[in-house]
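Here the numbering used here is used: the first residue of the sequence shown is 710, the next is one more, and so on. Every residue gets a Cβ at the ideal spot worked out from N, C-alpha and C, and that includes glycine.
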Amino acid sequence: IALAACSPSASSGGDGDAGAGDNPYGLITPGEIRVASLGDAKPYTFTDESGEFTGFDVELFTDVADRIGIDKVVFTGQDFSGLLAAVANGQYDVGVAAIGITDERKQTVDFSDGYLAGYLTVMASPDSDITDEDSLAGKRLGVVQGTLQEAYAVKNFTDTELVRFPDNNTAIAGVNSGSIDAHFLDYEAAKEYAAQFGLENAIDIPSFDAPAGFAIAKGKDEFKEALNDALHDAMEDGTWKELYEKWFPGSPMPDQYLPSDEQGEGE
Ligand SMILES: NC(=O)CC[C@H](NC[C@@]1(O)OC[C@@H](O)[C@@H](O)[C@@H]1O)C(=O)O
């Protein structure tokens with residue numbers, strides 16, 4: 710992968726340099742944000758029938774970008790396994806794809822504050838006998854390479870044969886064809902596939918300790934701080950809540966991202 714010829718922050722030099730003024734966030738192309746995303750992680754990030762990127766994460770990030778004065782946001786689909794490296798080496802300004810914040814990933818990239826805490830889901834066909842983690846022993850379980858699901862399964866499902874896929878679509882095709890017994894993916898994406906193929910959630914595992922965040926290259930503190938301020942504004946004025954209800958109707962809503970005067974109320 711050709712490293713970015715010269716990262717804009719290098720070319721814009723230190724403070725006071727005219728360059729820093731027109732590219733304070735060290736963007737690859739001033740005035741435009743290049744986003745590494747996924748095409749098939751509906752309803753978080755996906756391409757709709759017209760090929761446009763959309764979904765909860767896409768609309769939240771686009772709102773945040775607008776708040777920091779950047780209205781040109783270009784999304785590109787990637788395999789998840791290569792996404793963080795592509796952000797770290799300057800091919801993209803940010804990664805947006807329900808990317809859970811973990812210490813291990815923080816060795817490669819920096820993250821914004823968290824914006825979505827939910828569940829990891831093992832999904833299988835209705836006639837499967839998978840009902841809990843123990844019943845996965847001896848089974849073939851799909852995981853998308855590089856995901857938290859892969860790391861969790863390696864650590865916890867030691868008697869299960871893991872089959873790695875580049876993306877959810879190919880893994881779900883594996884479940885439907887019977888070549889694997891179940892697939893391990895994100896809760897809301899599982900709900901979409903359940904509706905589409907009559908598959909079911911067999912196990913839901915909380916991932917509240919690894920909320921999704923926007924991934925950016927290390928050392929871009931001005932960009933990170935601007936994203937965080939805008940993200941918190943979007944939570945405080947109810948934009949986050951509106952998008953959550955639009956894209957995850959009926960799902961339990963974590964209250965830490967609601968306007969402060971709505972926090973602490975019932976579930
Ligand atoms: N887009 C993907 O396939 C990402 C899969 C996986 N997402 C986990 C997660 O960020 O999904 C959104 C929320 O539920 C988070 O709590 C969760 O850790 C990961 O970060 O590895």
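As summarised for the region 882-960, the continuous alpha helix (DSSP H) elements at least 4 residues long and confined to that stretch are 896-906, 930-945 and 948-956, given in chain order. Remark: the shortest separation between the CB of Gln965 and any heavy atom of ligand 1 does not fall under 8 Å.
Taking 9 Å as the cut-off, the beta carbon of Leu850 is found closer than this to the beta carbon of Val872. When secondary structure is reduced to three states using DSSP, Tyr861 falls in the helix class. Taking every protein chain shown into account, the CB of Gly760 has fewer than 16 other CB atoms within 10 angstroms, so this residue is exposed. The beta carbons of Ala862 and Tyr753 sit no closer together than 9 Å. At least one heavy atom of ligand 1 is found less than 8 Å from the C-beta of Phe917.
In this structure, the beta-carbon distance from Thr830 to Ala911 falls below 9 Å. In this structure, Asp822 has its CB at a distance of at least 8 Å from all heavy atoms of ligand 1.
In this structure, Phe789 lies near Gly855, with their beta-carbon atoms less than 9 Å apart.
Taking a cut-off of 8 Å on C-beta distances, the region 790-801 does not touch the region 903-910, as fewer than three cross pairs fall below it. Closest in C-alpha terms to Arg776, from the list Asp766, Arg743, Val884 and Ala943, comes Ala943. In the structure shown, Leu793 falls within a helical segment according to DSSP collapsed to helix, strand and coil.
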